[in-house]
Amino acid sequence: MNDETLSLVLFSGTDDKLTAAAVLAAGAAAMERPVNIFLQYWALDAFRADRITKDHGVAPEAGPEGAAITARHHQQHWSETLAQAKEIGDVGIHACALSMDMFEITKSDLDPLVDDVEGVAAFMLGATGPVTFI
Amino acid sequence: MATVEVTRSIDARGMPCPGPLMSLIGEIRQGAVGDVIEVLSTDEGSRTDIPAWVQKAQHELVEVVEEDGFARFIVRKAR
Chain X
1 MNDETLSLVL
11 FSGTDDKLTA
21 AAVLAAGAAA
31 MERPVNIFLQ
41 YWALDAFRAD
51 RITKDHGVAP
61 EAGPEGAAIT
71 ARHHQQHWSE
81 TLAQAKEIGD
91 VGIHACALSM
101 DMFEITKSDL
111 DPLVDDVEGV
121 AAFMLGATGP
131 VTFI
Chain V
1001 MATVEVTRSI
1011 DARGMPCPGP
1021 LMSLIGEIRQ
1031 GAVGDVIEVL
1041 STDEGSRTDI
1051 PAWVQKAQHE
1061 LVEVVEEDGF
1071 ARFIVRKAR
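If you're matching them up, the sequences are chains X and V in order. Residue 1 is where the first sequence starts when you use the numbering used here, and the numbers rise one by one after that. Residue 1001 is where the second sequence starts when you use the numbering used here, and the numbers rise one by one after that.
See below:
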């Protein structure tokens, strides 16, 4: 029951949302829950090898004040948190085939954190519980 | 304070959630059964996360010591 898969669809590519998602993934992995992540649109773009650690900004709801708060508060980079989650648990990170087509990129353009490219049906096969969209 | 011999100590003070727990998990995995790992943490989340993980992973939370501005978690690797 407690070992239910955490399925996350990451759509947004801003650092605040990716950090929040990475923390969720790390917590689930720590508690021995499998984690199944699907990268679409701007989240996929953020996982490109040439820009993963660049500044991806914050969500619009942050506003200038929120942006200043997140800039002041030192957080571990979300890519490191995801790497730790993968070390300690069963965490799969899959790139959406449709978004790959849209950006005209291949697996080799992505950071090695990404395991493979999947179609949506293959992702759903692993998403046995609810799907959270971030 | 109980006299427990600490095998390794992790100073995770200043590390944000879930960093201290991640560091603890790494140390426990590398260690041998019976090892006692100490984690120093200023992160509020550790107060709930470390006991939750220790219970789930079936290790032993020997002690939580409140220090000035941080907490000291003593965990024994049980399996």
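Note that CB positions come from ideal geometry on N, CA and C, so glycine has one too.
Among the bridge pairs identified by DSSP, E118 (chain X) is matched with X:C96.
Here S1009 (chain V) carries a strand assignment [DSSP, helix/strand/coil]. The Cβ-Cβ distance between L18 (chain X) and A95 (chain X) does not fall below 7 Å. When rounded, the separation of the alpha-carbon atoms in I88 (chain X) and V23 (chain X) is 13 Å. For the segment 86-108 of chain X, the set of residues with a beta-carbon nearer than 8 Å to any beta-carbon of chain V comprises E87 and I88, in chain order.
Between R1076 (chain V) and V1036 (chain V), the C-beta spacing is below 7 Å. Put simply, the backbone Cα of A62 (chain X) is about 30 Å away from that of F1070 (chain V). When the five nearest sequence neighbours on each side are left out, the beta carbons in the same chain lying within less than 8 Å of the beta carbon of R1013 (chain V) are those of L1040, S1041, T1042 and F1070, in order along the chain. Of all residues in the segment 1041-1057 of chain V, only D1049, A1052, W1053, K1056 and A1057 come within less than 8 Å of chain X when Cβ atoms are compared, listed by chain position.
Cα atoms of R51 (chain X) and E1063 (chain V): separation of roughly 43 Å, rounded to the nearest angstrom. Taking C-alpha positions only, S1046 (chain V) is separated from W1053 (chain V) by approximately 10 Å. Using a CB distance cut-off of 7 Å, L1024 (chain V) does not count as an interface residue toward chain X. For P1020 (chain V), no Cβ of chain X is located within less than 7 Å of the residue's own Cβ.
Listed by position along chain V, the residues whose Cβ is nearer than 7 Å to that of G27 (chain X) are P1018.
In its chain, beyond the 5 residues on either side, R1076 and A1078 have a beta carbon closer than 6 Å to the beta carbon of E1060 (chain V). In the assembly as shown, H74 (chain X) is an exposed residue. Its beta-carbon has fewer than 16 other beta-carbons within 10 Å.
S1041 (chain V) has V:A1071 as its beta-bridge partners, per DSSP.
For the pair F11 (chain X) and P64 (chain X), the Cα-to-Cα distance works out to about 22 Å.
In this structure the segment 103-111 of chain X lies against the segment 30-50 of chain X, because at least three pairs of beta carbons, one per stretch, are closer than 8 Å. A residue is called buried once 16 or more other Cβ atoms fall within 10 Å of its Cβ, and E1005 (chain V), having fewer, is exposed.
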